[in-house]
Structures are given as C-alpha cells and as structure tokens.
Amino acid sequence: MPTTYYRSHEVLVTSDAFVWRTDPIRVYRIKHLRDVGIVRGAPAPAGLTATHTAALATGAVATATWPVIHSPVAVAAGLTLAAALTAAAFTTGRDHRRVCELRATYGDRRVVLFASADGQVFRQVTRGLLRAMEAAAEPGSTWYELAGG
1 MPTTYYRSHE VLVTSDAFVW RTDPIRVYRI KHLRDVGIVR GAPAPAGLTA
51 THTAALATGA VATATWPVIH SPVAVAAGLT LAAALTAAAF TTGRDHRRVC
101 ELRATYGDRR VVLFASADGQ VFRQVTRGLL RAMEAAAEPG STWYELAGG
C-alpha cells in the first residue's frame with residue numbers, strides 16, 4: 001500500500017506516483033523523475049477592473065457636464081472622485097500572484113508536473129513531492145534539486 005504525502009481535488013502525491021488531475025490526467029512515477037525544479041512565472045497581468053471603469057466614467061461625466069452646470073465646485077468634486085477611484089484601482093486592481101511550476105525530466109523529456117498561482121497549495125504540493133522523492137531515494141544518495149542545489 002503506497003504512502004500518501006499530499007492529497008487534494010487536483011493533486012495526489014504518493015510514494016509511487018505524482019498525479020495531477022487535469023484533463024487529461026497526468027501520472028508520473030516518482031522513481032522516474034529527475035532534475036525536479038521550480039520555475040516562477042511573471043506576475044499575472046491585471047485587467048480593467050470595475051474600479052478602473054468607474055474612475056473613467058466619473059471623470060468623463062464630470063468633464064461632460066461642465067458646460068451645463070457651470071459650477072467649478074461640482075466639476076472639482078467629480079474630478080476628485082475620479083482621481084480617488086483611479087488611485088483605488090491602481091492599488092487594489094493588481095494581481096501580484098505568480099504562477100509557479102514544478103518541472104522535471106521524465107524519461108527523455110521535460111514535463112510540467114504541476115502549476116499554480118496559489119502559493120500555499122504550490123508549497124504543499126512541492127513539500128509532498130519532496131517527501132515522496134526522499135522516501136524513494138537510494139540509501140546514501142544526496143540529491144537536493146528542489147532545495148535549489
């Protein structure tokens with residue numbers, strides 16, 4: 001009976017295999033994995049958020065109503081609101097998460113074992129794989145790929 005080192009709805013790591021439940025499911029035998037490492041991607045791009053749209057609309061309305069209302073106070077209030085919304089959009093609209101990948105050589109090709117932008121899940125999966133590989137290692141071996149060696 002294999003030992004389970006990590007289990008979730010998307011990944012299973014046992015003493016025998018690493019299973020990523022994608023479509024199609026990817027299964028890798030632990031004993032055939034070599035040169036395992038982590039690759040960090042660029043930050044995920046931030047799109048146009050609802051706050052960005054609200055800031056643009058408020059600025060447009062404040063500018064368009066100037067000829068009608070002739071009130072510098074109303075226009076100033078509208079532009080101030082637009083600036084505040086713009087500042088909020090730039091500080092909260094960014095997605096700083098990076099997609100991290102576990103890569104390895106399996107047989108004669110490089111493969112992506114797992115990828116995620118969720119740092120906690122990625123670390124848990126990595127730790128499970130590390131434990132599985134340590135358990136499968138030959139006695140006296142000194143591999144340490146996942147530690148950056």
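Residue 149, in the UniProt record's numbering, is where the sequence shown stops; the numbers in between run on with no holes.
For every residue, glycine included, the Cβ atom is placed at its ideal position computed from N, Cα and C.
Closest residue to residue i among the options (Cα-Cα distance)
i: W20; options: A64, A136, T126; result: T126
i: Y106; options: C100, P2, A17; result: A17
i: V99; options: R123, M1, A135, A87; result: R123
i: R109; options: H32, V121, T86, V39; result: H32
i: S8; options: A84, A135, Q120; result: Q120
Sheet register partners of residue i (DSSP bridge)
i: A60; result: According to DSSP, which records beta bridges pairwise, A60 is partnered with nothing at all.
i: F114; result: L102
i: V39; result: E101
i: L12; result: R7, V19
i: L33; result: Y106
Buried or exposed by the 16-neighbour rule on C-beta atoms within 10 Å, applied to residue i
i: S71; result: exposed
i: S116; result: buried
i: G41; result: exposed
i: A137; result: exposed
i: V112; result: exposed
i: V73; result: exposed
i: V11; result: buried
Same chain, Cβ closer than 6 Å to residue i, neighbours up to 5 away in sequence not counted
i: V13; result: Y5, Y6, G128, L129, A132
i: R26; result: W20
Endpoints, beta strand (DSSP E) assigned at residue i
i: T22; result: First-last for T22: undefined, no H or E at that position.
i: T3; result: That residue, T3, is in no beta strand (DSSP E); it is neither H nor E in DSSP.
N- and C-terminal bounds of the alpha helix (DSSP H) containing residue i
i: T126; result: 119–136
Residues near residue i by beta carbon distance below 7 Å, same chain, minus five either side
i: R29; result: D16, A17
i: R34; result: A104, T105
i: V2; result: The amino acid occupying residue 2 in the given sequence is Pro; Val does not appear at that position. Within the same chain, P2 has close Cβ partners T14, S15, D16.
Min CB distance residue i to chain C below 8 Å
i: E134; result: Looking at the structure shown, chain C is missing, and only one protein chain is on hand.
Cβ-heavy atom distance, residue i to the ligand ZN, below 7 Å
i: R123; result: Looking for the ligand ZN in the displayed structure turns up nothing, as the structure carries no ligands at all.
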